[in-house]
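The numbering of the sequence shown is my numbering, which starts it at 98 and goes up by one.
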Amino acid sequence: MPLALEDVEPELSEAETAFRHGNQNPETGLEVADAAFVQLRKACRSLAGAEQLVAAGYYTLAIEAAFTSIEKTLLFWLIDEGHQDPANPPQSHTTAINRSADVGFISAELAARLDDLWTDNRAQTYYQDGIATRERAATMLALAKSIHEQVGRLAGQHHECIC
């Protein structure tokens, strides 16, 4: 028998209501009006979460958070420089990578390798076709941190980080 609406209806209704209503307890550090800074700070949170997840042995989630941090960091730069409308979110997880190359912020070679890393490894790890390991999670975290720090410095906005 398939999962039916009545099996989860109260929880689903509560989740829908929570997303519709404001005046809740927001995550500290994300209460900025600038859309670019929201992305930068979400990247910071993803990095912090990835560090905790690696330490706790949750490598699949750590890899996911590291990829998310890279995406959010590049999206920060694109919005900050006027290359991305924050009201029109990217349509895929690699959009920020490819758009960053299109506007000359990252090299085509770097974009191709990041795109391949995403395509060849993130999906396999996430869907368990590939096994997440401590080494893979740690190297993804190191890559995400490096990109985040360099983009923050290049944009002159590293002081806006909450890392």
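By construction, the Cβ of each residue, glycine as well, lies at the ideal position given by its N, Cα and C atoms. Predicted model only: the values in this text are computed from it and were never measured.
Check                                                                                                                                                                                     : Outcome
Using 8 angstroms as the Cβ pair cut-off and three pairs as the minimum, do the stretch 189-201 and the stretch 104-118 touch?                                                            : no
Should D177 be labelled buried (16 or more other beta-carbon atoms within 10 Å of its own) or exposed?                                                                                    : buried
On a CA-only basis, which of K242, P99, A153, L171 is nearest H190? Give me that one, please.                                                                                             : L171
Using only CA atoms, which one of I167, Q181, A153 lies nearest to L144?                                                                                                                  : I167
Going by DSSP, what residue range makes up the alpha helix (DSSP H) through G104?                                                                                                         : Reading off the sequence shown, one finds Asp at residue 104, where the question assumed Gly. D104 -> alpha helix (DSSP H) spans 102-117.
Tell me whether the stretch 228-244 and the stretch 144-164 touch, counting them as touching only if at least three CB pairs, one residue from each stretch, are closer than 8 angstroms. : yes
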